[in-house]
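Structure, as structure tokens:
And the structure:
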């Protein structure tokens, strides 16, 4: 049952994107021009630590996850994923019939033909977001990195064929969390003194709109936008509470952002020919997991045993 909601999400993606071609169709992104086995040719991923799979590993950054206990349930150990195992986009890729999508920092040659993950921990919609972690790859730079991948695809497939295939690919975007956690809510950032909650959400989504339109102009057509979850319930916020409880103030703070994203998405669907945007309600998924935890199963593991087995993975320096 642990993956039930992910299967439901996949069904929603397939229905909303209307992007599942015949299983016997040709996939132009296949290196050998073979028959399609995947539901989509490729998936391109933009975001932050929730879906980063190693792009920060070689950056001068405090936002890294390439050491134990990260990756304790991942074949091969820590990879840079801020998770014990798969991330959300890993699950989606697997369910779409795709291999695990490589990090941009590692992808080369034919590896880019199934997609690329550009996500970077501490990254935000705004370039200044996450500066407290030093190295990170903001959304604008992630889009520039995608342009580099486009050049590679055009060289491999030809510009026309690459553009046609690109319109069938999924573009998964999960941005905005750090614009609150590592910008607006940080005492050393000026934004909270400059904007109230609604004004800040308006600022973020105005910039977000421009960035998504840039991706559209580069050939993207099928978008999945992940909303913000219950930010007041994440560990860094819980740790600030003497009772260890969620911050309803923070939970309420991000609501205008999610509302604005939905409005923006409807406008983009209406005004960008051939585009299809759908919204993934992360907050609702989180609430369902908390409310119905038993239906998702229980995982028990011995932390000390795992620690002993992976001690060699701990880096000597930050």
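Numbering (mature numbering (1 follows the signal peptide of the UniProt record, and there is no 0)), first residue to last: -23 to -1, 1 to 295. Cβ coordinates follow ideal geometry from the N, Cα and C atoms, glycine included.
Tell me where the alpha helix (DSSP H) around residue i begins and ends.
| i | result |
| --- | --- |
| residue 260 | 259 to 268 |
| residue 89 | Counting along the chain, residue 89 falls outside any alpha helix (DSSP H), and DSSP gives it neither H nor E. |
| residue 39 | Per DSSP, residue 39 belongs to no alpha helix (DSSP H) and is neither H nor E. |
| residue 138 | 136 to 143 |
Can you have a look at residue i and say buried or exposed, based on whether 16 or more other CB atoms are within 10 angstroms of its CB?
| i | result |
| --- | --- |
| residue 338 | What is shown of the chain runs -23 to 295, which leaves residue 338 out entirely. |
| residue 271 | exposed |
| residue 189 | buried |
| residue 178 | buried |
| residue 128 | exposed |
| residue 194 | exposed |
| residue 18 | buried |
| residue 227 | buried |
| residue 243 | exposed |
| residue 312 | The first residue shown for the chain is -23 and the last is 295, placing residue 312 beyond what the model contains. |
| residue 66 | buried |
| residue 247 | exposed |
Is residue j closer than 8 angstroms to residue i when the C-beta atoms are compared?
| i | j | result |
| --- | --- | --- |
| residue 73 | residue 20 | yes |
| residue 140 | residue 54 | no |
| residue 76 | residue 93 | no |
| residue 97 | residue 108 | no |
| residue 192 | residue 148 | yes |
| residue 42 | residue 99 | no |
| residue 268 | residue 207 | no |
| residue 103 | residue 199 | no |
Just to confirm the assignment, what range does the beta strand (DSSP E) spanning residue i have?
| i | result |
| --- | --- |
| residue 66 | Premise fails: residue 66 lies in the alpha helix (DSSP H), 65 to 72, not in any beta strand (DSSP E). |
| residue 22 | 20 to 24 |
Establish whether the CB of residue i and some CB of chain D are separated by less than 8 angstroms.
| i | result |
| --- | --- |
| residue 168 | Here chain D cannot be found, since the structure has a single protein chain. |
Which residues share a DSSP beta bridge with residue i?
| i | result |
| --- | --- |
| residue 30 | 58 |
| residue 151 | 24 |
| residue 111 | 38 |
| residue 80 | 94 |
| residue 123 | DSSP lists no partner for residue 123. |
Problem - Start-end ranges of the alpha helix (DSSP H) lying completely within the segment 161 to 248, minimum 4 residues - result: 168 to 171, 174 to 194, 212 to 215, 225 to 230, 232 to 248
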